[in-house]
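Student: Reminder that position 213 of the sequence shown reads as 212 in numbering that gives the first Met the number 0, one-by-one numbering, no gaps.
Built from N, CA and C at the ideal position, the CB exists for glycine as well.
I am attaching a structure below and will ask some questions about it afterwards.
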Amino acid sequence: MIERYFIVALSIIILIGVGGCMDKKETKKYSNAEKKEMVLTYLRDKYGEEFEGVSYEPASLMQGHDQFYLYPKNGTREEMFPVSGSYNKDGTYEIGDGYLGVKIRPEYEKVMRTFIDEFYKEYKIYTRIRNSDLKMRWYNTKIIDGFDPKQEITNADMVTHIYVKESTAKGVNLEDTVEKIALKMVENKIVGKININVIKDNKFDLIKLDIENYKSATSSENLVKSYTLRINEDLQIKDYREGK
């Protein structure tokens, strides 16, 4: 009798377990080739442009999302930008891109140059997008409609890296210059990070400024000194080095 009840109970448990498994929708896992094609389709539909893939970094313990690097076919590698991809809880694969930073860069740098030209005649500049209202509103939208770089400058939390020769920087107080540029940003309601790097004269022409190389531009063999300030969303100037 006990055996009979045991068998019946076990059967019920098995049926419940099988039913539960059947209710769960199996998440589709895409191959790397499928993900790359999804990214290219997403970008083509969003911007109406064709793009060239450069590299792919799969998700890992240190990086919770897939990372792709691409640039527009009608552009150059200097316009390279990151694209991220990750699975949602419902199993869908969500894609977001940083091409907006490239699209806004010419207009943004044009404004920043009006501030910088007062202090340096010769310099290099590289800007990249941070988390911002601009990025949050356009990052993973499927279609770009009504995007105007000129109108988005004050929404773009960008990092502006400025590189000057050591000989050019002589006689110019670095900290004061960064602060004066930061004040001009505040006057124009532009948030972001401003960073001036003094580069050794014999290294200045060798540095490359794109998403792949801008960090190495300030390696110890190139850099003399640097200074950074940040303008936050409240238009307050903060010392970035102190984490304020």
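Evaluate the contact criterion for the segment 170-180 versus the segment 198-208: three or more CB pairs, one atom per stretch, below 8 Å.
Tutor: No: the two stretches stay apart, fewer than three of their Cβ pairs being nearer than 8 Å.
Student: From the DSSP output, in three-state form, read off Ile-11 for me.
Tutor: For Ile-11, the predicted model reports a pLDDT of 48, less than 50, meaning its position is unreliable; a value from the coordinates is still stated below. Helix, per DSSP.
Student: Let me check one thing: in DSSP terms, what residues is Ser-215 bridge-paired to?
Tutor: The partner list for Ser-215 (beta bridge, DSSP) is empty, contrary to what the question assumes.
Student: Check whether the Cβ atoms of Tyr-196 and Ile-161 sit closer than 9 Å, and answer yes or no.
Tutor: The question names Tyr, but residue 196 is Asn in the sequence shown. The answer is yes: Cβ separation under 9 Å.
Student: Answer yes or no: do Ile-103 and Glu-151 have a C-beta to C-beta separation smaller than 9 Å?
Tutor: A contact, by the Cβ cut-off of 9 Å.
Student: Need the endpoints of the alpha helix (DSSP H) that Thr-153 sits in, please.
Tutor: Segment: none, Thr-153 is in no alpha helix (DSSP H) and carries neither H nor E.
Student: Bridge partners for Lys-164 per DSSP, in chain order?
Tutor: Bridge partners of Lys-164: Ile-198.
Student: Hey, out of Pro-71, Asp-238 and Thr-91, whose CA is closest to Tyr-226's CA?
Tutor: When each option's Cα is compared against that of Tyr-226, the closest is Asp-238.
Student: I'd like to confirm the pairing. Which residues does DSSP put opposite Tyr-226 in its beta bridges?
Tutor: Beta-bridge pairing links Tyr-226 to Ile-195.
Student: How far does the beta strand (DSSP E) with Glu-93 in it extend, from its first residue to its last?
Tutor: Unbroken beta strand (DSSP E) run through Glu-93: 92-96.
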